[in-house]
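Student: Got a structure for you, questions after.
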Amino acid sequence: MSSLRLLRVGWYLQFKMILRSPFDGVGNVLYPLFFATTAFFVFRAGQSPRTLIYASLGAAVMGMWSSVSTSAGSAMQRERWWGTLELLIAAPRHFSLVMFPATLGLATVGIYNLAATLLWGRFAFGIPLRIAHPLLFALSVLGTVLAFGGLGLLFAVSFVRFRAAWVLGNFFEYPVWLICGFLVPLALLPEWVRPVSWALAPTWGMSAIRESALGGTPVPDLILCLALGVAYVGFAVLVTDRVLYDARGRGTLSLT
Amino acid sequence: MAAIEAHELRRTYRTHTGTIRRKSKEIEAVRGVSFAIEQGELFGLLGPNGAGKTTTIKMLITLLLPTAGSARVLGLDVVKDAREVRKRIGYVFGGERGVYERLSGYDNLRYFAELYGVPPATQKQRIDELLELVGLKGREHERAEGYSRGMKQRLHVARGLLHDPEVLFLDEPTIGLDPVGARELRSTIATLTAAGKTILLTTHYMFEADALCDRIAVISKGEIVAEGTPGDLKRGVEQGSVVEVEVYGVADATIERVRQLEGVVAVSVEEREQAQVLVVQTRADTELTSAILGHLDGGQVGRISRREPTLEDAYVALVTAE
Chain A
3 MSSLRLLRVG WYLQFKMILR SPFDGVGNVL YPLFFATTAF FVFRAGQSPR TLIYASLGAA
63 VMGMWSSVST SAGSAMQRER WWGTLELLIA APRHFSLVMF PATLGLATVG IYNLAATLLW
123 GRFAFGIPLR IAHPLLFALS VLGTVLAFGG LGLLFAVSFV RFRAAWVLGN FFEYPVWLIC
183 GFLVPLALLP EWVRPVSWAL APTWGMSAIR ESALGGTPVP DLILCLALGV AYVGFAVLVT
243 DRVLYDARGR GTLSLT
Chain B
3 MAAIEAHELR RTYRTHTGTI RRKSKEIEAV RGVSFAIEQG ELFGLLGPNG AGKTTTIKML
63 ITLLLPTAGS ARVLGLDVVK DAREVRKRIG YVFGGERGVY ERLSGYDNLR YFAELYGVPP
123 ATQKQRIDEL LELVGLKGRE HERAEGYSRG MKQRLHVARG LLHDPEVLFL DEPTIGLDPV
183 GARELRSTIA TLTAAGKTIL LTTHYMFEAD ALCDRIAVIS KGEIVAEGTP GDLKRGVEQG
243 SVVEVEVYGV ADATIERVRQ LEGVVAVSVE EREQAQVLVV QTRADTELTS AILGHLDGGQ
303 VGRISRREPT LEDAYVALVT AE
């Protein structure tokens, strides 16, 4: 119970801090508009409304992913700059339980990205916004947020050990757009890329969101997305102690 | 059982120089430090910047692994039982970092109350009590970014006490505070000692250690060079005297020549308004005023005075000894 409470309070306070950051705020407002505009211009040649919805949903999840991949690294870096990282580690709670609400908070901002992208597409470019299975769509979005939070946690833990790893967050942003089928179907990618795609929760989250919006069967994709999210969290929990022990040994926790 | 025990603690850092031809170098920050602090005692670890105070504290609060040696807090090993140690200790450091600036003081405390497992039923009452104790009541719902340095420091103290720890580590808690703020904080520390907390305080202010601590260890270049009550340390220098000479610009070579004089215990230079003051501690049986003036090479000299040594002089002598 107390762990759930920590997750809830931690998520709320981290989310509060994100909303109060003017720079993050500007980025979050502008990014979805940029993604939706790009998707529209790339896919308008197709003329089919279905293609445009496909692209619009892809652009929306791109925004969600960008929010997690770039912000998880910078969030950890900020904890270092603020001098709070050592305080979080000096607390008796398991560090993964402390960081998960933070990455989940970042993933939650992604919901706004998703909504803003879809609405911008609808009102600026007339991309129809019809959701075939609204409940499954909502569940798919929620499942994707949770899985992204899990992946963000894995990133965050590695950022504790490798101080410059926050740069990798930016590096992961674009390949995932492609590998996970945000913009183009996986079938168009080379065979050897597919196992990588399958191991990444964003692939299944994207698929679940599209299937639920376009009238397919999202449940298997959603289950896979959540299962991978749980696996990321489990792996992060397992490696956290090792990573922290190593950082304590090297004396890098207080370095910025 | 002692509340805190350190036995031959050592900590080495590896640093690198060069870009293409990278060379690594080992720096010994702490070189075999041992001490024991009894329950309810306020123990001061005194030393200049870079002496190893913070490194020692970070090993005791489980943020750094010792390279060698061992340490126990309330009988628990700081390496093997790190999580259990963390539950029982509080950590407060000086300066403005360590605060979530975008959150209010109250939210900062609420977050750490969760991290330290303070029961929800008592959380609000506990936070209110601590806000009252550190004098932040009435300002707790303002964002911490608008707090003065002193207010942030008091917020740190409240955070460190949230889970009512048995042992407190205070790492230079008054650094950068104005005299009034520092005095208030010292009074809070005295209240905590009266409540039976065991406290390890690091500071480089001798008078602070003198006013608060039951016992003091002076650390210099990673080693403890003296340990005892403030009275013990004072007695170590009571037999000597101190000559203070006001100078206006003094070269390092001159200071070194004065240091080499027979009968000189320690030499330091203090900045006082427009002038510098050369502070020379001498042994009791020596009169060195004219010899010191002779070494100043006819440079501009102001007031010259002679006084009894203080605890601060004892500290300077210990940390500047070769």
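Residue numbers (our numbering), protein chains in the order written: chain A, 3 to 258; chain B, 3 to 324. Heads up, the beta-carbon is just placed ideally off N, CA and C, and yes, glycines get one too.
Whole angstroms is fine: what's the gap from B:Arg145's alpha carbon to A:Leu21's?
Tutor: Each residue's Cα considered, the two are about 14 Å apart.
Student: DSSP three-state call for B:Lys27: helix, strand or coil?
Tutor: In the structure shown, B:Lys27 sits in a strand (DSSP, three-state: E or B).
Student: When DSSP labels each residue in this structure, what does A:Gln16 get in the three-state scheme?
Tutor: Looking at A:Gln16 - three-state DSSP - the assignment turns out to be helix.
Student: By DSSP, does B:Tyr93 sit in helix, in strand, or in coil?
Tutor: Note: B:Tyr93 maps to strand in three-state DSSP.
Student: So B:Tyr15 contacts chain D; which residues on that side make the cut at Cβ distance below 9 Å?
Tutor: Absent from the structure: chain D. Protein chains present are A and B.
Student: Could you work out which residue in B:Asp173, B:Leu170, B:Asp166, B:Val136 is closest to B:Leu157 when comparing CA atoms only?
Tutor: When only C-alpha atoms are compared, the closest one is B:Val136.
Student: Answer yes or no: does any C-beta atom of chain B fall closer than 8 Å to that of A:Trp13?
Tutor: Not one chain B Cβ lies under 8 Å of A:Trp13.
Student: Between which two residues does the alpha helix (DSSP H) carrying B:Val325 extend?
Tutor: Beyond the ends of chain B as shown, which are 3 and 324, falls residue 325 of chain B; an answer cannot be given.
Student: Any idea if B:Thr231 is buried or exposed, counting beta-carbon neighbours within 10 angstroms, 16 or more meaning buried?
Tutor: Exposed.
Student: Distance cutoff 8 Å, beta carbons only. Does A:Pro94 sit that close to anything in chain B?
Tutor: Chain B contact via Cβ: present.
Student: DSSP three-state label for B:Ile201, please.
Tutor: B:Ile201 falls in the strand class under three-state DSSP.
Student: In the segment 223 to 269 of chain B, which residue ranges form an unbroken beta strand (DSSP E) of at least 3 residues, counting only runs that do not cross its ends?
Tutor: Qualifying beta strand (DSSP E) stretches, in chain order: 225 to 230, 243 to 249.
Student: Give the secondary structure of A:Val70 by DSSP, where H, G and I count as helix, E and B as strand, and everything else as coil.
Tutor: A:Val70 falls in the helix class under three-state DSSP.
Student: Restricting to Cα atoms, I'd like to know which of A:Arg196, A:Val159, A:Ala166 is closest to A:Pro177.
Tutor: Selected option, being the one with the closest Cα: A:Arg196.
Student: Distance check for B:Tyr15 and B:Glu168, CA to CA, integer angstroms please.
Tutor: About 30 Å.
Student: Measure how close the beta-carbons of B:Ile22 and B:Leu202 come, nearest whole angstrom, since I'm counting them as under 8 Å.
Tutor: Not really, about 44 Å apart at Cβ, beyond 8 Å.
Student: Are B:Val245 and B:Arg308 closer than 8 Å when you measure CB to CB?
Tutor: Yes, these two residues count as a Cβ contact at 8 Å.
Student: Mapping the DSSP letters down to three states, classify B:Thr14 as helix, strand or coil.
Tutor: In the structure shown, B:Thr14 sits in a strand (DSSP, three-state: E or B).
Student: Out of curiosity, what's the CA-to-CA distance linking B:Arg285 and B:Glu264?
Tutor: One C-alpha to the other measures close to 9 Å.
Student: I'd like to know if B:Asp109 contacts chain A, where contact means its C-beta is closer than 8 Å to some C-beta of that chain.
Tutor: Closer than 8 Å: yes.
Student: Look up B:Glu272 in the DSSP assignment and give the residues it is bridged to.
Tutor: B:Glu272 is bridged to B:Val279.
Student: Where does the unbroken beta strand (DSSP E) through B:Arg309 begin, and where does it stop?
Tutor: Looking at the DSSP string, the run of the beta strand (DSSP E) that includes B:Arg309 is 303 to 309.
Student: For a contact meaning CB atoms closer than 7 Å, what does A:Gly85 contact in chain B?
Tutor: Near A:Gly85 (Cβ distances below 7 Å), the residues of chain B are Arg99, Gly100.
Student: From the beta carbon of B:Thr284, is the nearest beta carbon of chain A less than 8 Å away?
Tutor: For B:Thr284, the answer is no, since every Cβ of chain A falls outside 8 Å of its Cβ.
Student: Chain A partners of B:Glu28, CB-CB under 8 Å?
Tutor: None at all; the shortest Cβ gap to chain A is about 12 Å.
Student: For the alpha helix (DSSP H) containing B:Arg128, list its first residue and its last residue.
Tutor: B:Arg128 -> alpha helix (DSSP H) spans 122 to 136.
Student: Less than 8 Å between the beta carbons of B:Ala213 and B:Glu229, yes or no?
Tutor: In this structure, B:Glu229 does not lie closer than 8 Å to B:Ala213 by Cβ.
Student: Does the beta-carbon distance from B:Leu163 to B:Leu187 come in below 8 Å?
Tutor: No; because the gap between Cβ atoms is not below 8 Å, this pair is not in contact.
Student: May I ask you to report which of helix, strand or coil DSSP gives A:Ala99?
Tutor: Sequence inspection shows Leu at residue 99 of chain A; the Ala mentioned does not correspond to that position. Here A:Leu99 sits in helix by DSSP.
Student: Is the beta carbon of A:Ala134 sitting closer than 8 Å to the one on A:Leu32?
Tutor: No.
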